[in-house]
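Q: Structure incoming, see below.
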């Protein structure tokens with residue numbers, strides 16, 4: 422905003438504000454974090470992401486509430502899938518439903534101890550989905566976020582088979598009323614994007630935001646390469662496990678209390 | 098008359114006929130008007146008359162008519178793979194400005210050929226699948242103003258940042274806001 426102090430810019434901003442209101446007359450209220458100004462450390466919008474960052478989430482399963490579904494609901498609402506998109510209901514079977522994030526419950530047979538945790542794309546450093554993708558649609562961004570470029574996805578679903586976490590789903594239906602920031606459509610594979618549109622603007626993923634406002638606070642989001650970030654400090658002090666560490670995928674999502 | 102001169106005359110005649118043919122054809126098509134934009138004979142809706150002539154599109158109209166696809170497809174790849182989130186060529190912003198309402202006050206959907214992105218495409222039999230995934234109507238407020246710094250400083254661009262809204266437009270917009 423180099424020329425923000427110029428008076429002509431002020432007039433323009435006023436105009437654009439009005440323009441925005443006029444154009445978005447039917448705007449629905451998005452999550453609060455959307456209307457917040459982007460924090461100062463957000464990268465400039467015209468700069469590409471770089472490998473100097475690696476985004477990750479730390480899940481503390483001890484704090485994750487049994488029966489709490491806040492992260493899933495928030496994801497549905499933010500990205501317009503599942504219960505948040507009625508056009509998804511019609512033909513497909515329950516196992517075919519969209520699933521960007523799900524709650525998994527584990528019961529220890531010996532102690533009867535119940536652990537619940539959210540399961541989603543683990544944003545692997547060496548993602549098997551990208552390895553098997555015949556078109557290059559499954560890829561890892563420089564900052565570690567694993568995505569599907571739906572523009573080149575042909576819907577072959579090899580990636581769904583390759584993913585050890587069952588983190589991906591396929592859209593079987595014609596959809597309507599998708600969110601502009603989370604376009605989705607029939608014939609393509611989808612998964613957790615780590616709310617890439619929010620992260621690019623310096624905000625945190627919807628699931629983390631929602632979890633933090635419950636009493637649990639089981640999710641920490643941040644840059645794994647920044648040794649001063651909360652997530653790095655937590656991981657350094659208390660550690661965090663990869664699920665299926667034996668596969669050596671070096672996941673960006675880590676768990677504690679499992 | 099020598100044979101060579103006769104041949105040369107014949108040749109010259111043939112050349113001139115050949116040259117004149119396309120000229121005649123263009124004269125027919127042009128109807129006297131020079132440098133008409135593509136689709137000049139098609140009625141394309143103005144974005145709800147919200148903008149005065151000075152505000153215009155994100156690039157000059159002539160450029161947008163011819164090359165809008167290049168800009169959005171380029172933007173698509175940059176956003177998807179590199180996380181570049183400038184708003185100048187964002188598909189969401191095209192919709193934010195160009196969406197229109199019908200007589201009932203409902204936004205016109207893209208299946209309707211009155212939808213801005215369907216006007217020319219129907220006419221020219223262009224099929225795009227973008228709106229199977231992307232929203233064809235505005236959902237949230239435009240971010241063009243908040244991410245102002247992000248407007249791409251391409252040398253050729255003459256984007257809206259440099260075009261000021263006239264007092265008249267501001268007045269128009271204010272009135273519209275109050276009406277809603």
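Chains as they are written, first to last, in this note's numbering: chain D, 422 to 679; chain F, 98 to 277. Don't be surprised by glycine CBs; every beta carbon is placed ideally from N, CA and C.
Closest to residue 231 of chain F by CA distance: which of F:178, F:189, F:202, F:211 is it?
A: Here the closest residue by C-alpha is F:189.
Q: Using a Cβ distance threshold of 8 Å, determine whether the region 469-476 of chain D contacts the region 550-564 of chain D, with at least three qualifying pairs required.
A: Yes: at least three Cβ pairs fall under 8 Å.
Q: Should residue 180 of chain F go down as buried or exposed, given a rule of 16 or more other Cβ atoms within 10 Å for buried?
A: Burial call: buried.
Q: Can you tell me whether DSSP reads residue 503 of chain D as helix, strand or coil?
A: Residue 503 of chain D falls in the helix class under three-state DSSP.
Q: At which residues does the beta strand (DSSP E) containing residue 569 of chain D begin and terminate?
A: It spans 567-569 - the beta strand (DSSP E) in which residue 569 of chain D sits, taken as one unbroken run.
Q: For chain F, check one thing: does any of its Cβ atoms lie closer than 8 Å to the Cβ of residue 601 of chain D?
A: Chain F, which has a Cβ nearer than 8 Å to the Cβ of residue 601 of chain D, makes this yes.
Q: Taking 8 Å as the cut-off, does the region 514-534 of chain D touch the region 578-591 of chain D (at least 3 CB pairs, one atom from each stretch)?
A: The region 578-591 of chain D, when compared against the region 514-534 of chain D, does touch it at the 8 Å Cβ threshold.
Q: Is the beta carbon of residue 480 of chain D closer than 8 Å to that of residue 640 of chain D?
A: It is a contact, given that the beta carbons lie within the stated cut-off.
Q: Mind pulling the chain D residues with CB within less than 8 Å of residue 232 of chain F?
A: By Cβ distance, chain D contributes 598, 599, 600, 601, 604.
Q: Suppose you measure from the CA of residue 648 of chain D to the CA of residue 552 of chain D; what does that come to, to the nearest Å?
A: Answer to the nearest angstrom: the Cα atoms are 29 Å apart.
Q: Between the region 488-508 of chain D and the region 627-645 of chain D, can you find at least three pairs of beta-carbon atoms closer than 8 Å?
A: Counting Cβ pairs under 8 Å, three or more are found: they touch.
Q: Please report the residue range of the alpha helix (DSSP H) in which residue 617 of chain D lies.
A: Here the alpha helix (DSSP H) through residue 617 of chain D covers 617-621.
Q: For residue 610 of chain D, list the residues DSSP reports as bridge partners.
A: Looking at the DSSP assignment, residue 610 of chain D forms a beta bridge with D:591.
Q: In chain F, what lies closer than 8 Å to residue 617 of chain D by C-beta?
A: Correct list: 180.
Q: Distance cutoff 8 Å, beta carbons only. Does residue 161 of chain F sit that close to anything in chain D?
A: Closer than 8 Å: no.
Q: Name the DSSP beta bridge partners of residue 479 of chain D, please?
A: Partner(s): D:641, D:675.
Q: Quick check: is the beta carbon of residue 211 of chain F nearer than 8 Å to any beta carbon in chain D?
A: So, not an interface residue.
Q: Let's see if you can read the secondary structure: which residues bound the alpha helix (DSSP H) around residue 549 of chain D?
A: Run containing residue 549 of chain D: 549-553, per the alpha helix (DSSP H) assignment.
Q: Contact defined as beta carbons within less than 8 Å: I believe residue 681 of chain D pairs with residue 645 of chain D. What is the distance between those atoms, to the nearest angstrom?
A: Only positions 422 to 679 of chain D appear in this structure, which leaves residue 681 of chain D out of reach.
Q: Tell whether a beta-carbon distance below 8 Å holds between residue 508 of chain D and residue 594 of chain D.
A: Yes.
Q: For a contact meaning CB atoms closer than 8 Å, what does residue 621 of chain D contact in chain F?
A: Correct list: 180, 182.
Q: Taking 8 Å as the threshold (beta carbon to beta carbon), is residue 223 of chain F in contact with chain D?
A: Not closer than 8 Å to any Cβ of chain D, the Cβ of residue 223 of chain F fails to qualify, so no.
Q: Measure the CB-CB distance between residue 662 of chain D and residue 676 of chain D and report whether it falls below 8 Å.
A: A contact, by the Cβ cut-off of 8 Å.
Q: Of all Cβ atoms in chain F, is any one closer than 8 Å to the Cβ of residue 507 of chain D?
A: No, because no Cβ of chain F sits closer than 8 Å to the Cβ of residue 507 of chain D.
Q: Taking the straight line between their C-alpha atoms, what separation do you get for residue 513 of chain D and residue 555 of chain D?
A: Roughly 26 Å separates the two Cα atoms.
Q: Please list the residues of the region 572-583 of chain D that have a C-beta atom closer than 7 Å to any C-beta atom in chain F, keeping them in chain order.
A: Listed by position, the residues of the region 572-583 of chain D near chain F (Cβ gap below 7 Å) are 572.
Q: Using a Cβ-Cβ cut-off of 6 Å (strictly less than) and excluding sequence neighbours within five positions of residue 608 of chain D, which residues of its own chain qualify?
A: Excluding sequence neighbours, residue 608 of chain D sits near 576.
Q: So, does the CB of residue 207 of chain F fall closer than 8 Å to a CB anywhere in chain D?
A: Chain D, which has no Cβ nearer than 8 Å to the Cβ of residue 207 of chain F, makes this no.
Q: Any beta carbon from chain F within less than 8 Å of residue 498 of chain D's own beta carbon?
A: Not an interface residue.
Q: Can you round the beta-carbon distance between residue 463 of chain D and residue 622 of chain D to whole angstroms, since I take them to be within the 8 Å contact cut?
A: At roughly 5 Å, the Cβ-Cβ gap stays under 8 Å, so residue 463 of chain D and residue 622 of chain D are in contact.
Q: If residue 477 of chain D sits next to residue 643 of chain D, beta carbons under 8 Å apart, how far is it from one beta carbon to the other, in whole angstroms?
A: About 7 Å separates the two Cβ atoms, so the contact holds.
Q: Using a C-beta to C-beta distance shorter than 9 Å, which residues of chain F count as neighbours of residue 469 of chain D?
A: Those are 175, 178, 179, 180, 181, listed as they occur along chain F.
Q: Which of the three DSSP states is assigned to residue 586 of chain D in this structure?
A: It is coil, neither helix nor strand.
Q: What do you reckon, are the CB atoms on residue 506 of chain D and residue 603 of chain D nearer than 8 Å?
A: Cβ distance not < 8 Å, so residue 506 of chain D and residue 603 of chain D don't count as in contact.
Q: Figure out for me which residue from D:614, D:664, D:467, D:628 has the closest Cα to the Cα of residue 568 of chain D.
A: Residue 568 of chain D has its Cα closest to that of D:614, out of D:614, D:664, D:467, D:628.
Q: If you measure from the beta carbon of residue 495 of chain D to each beta carbon in chain F, is any gap under 8 Å?
A: Judged by the 8 Å Cβ criterion, residue 495 of chain D is not in contact with chain F.
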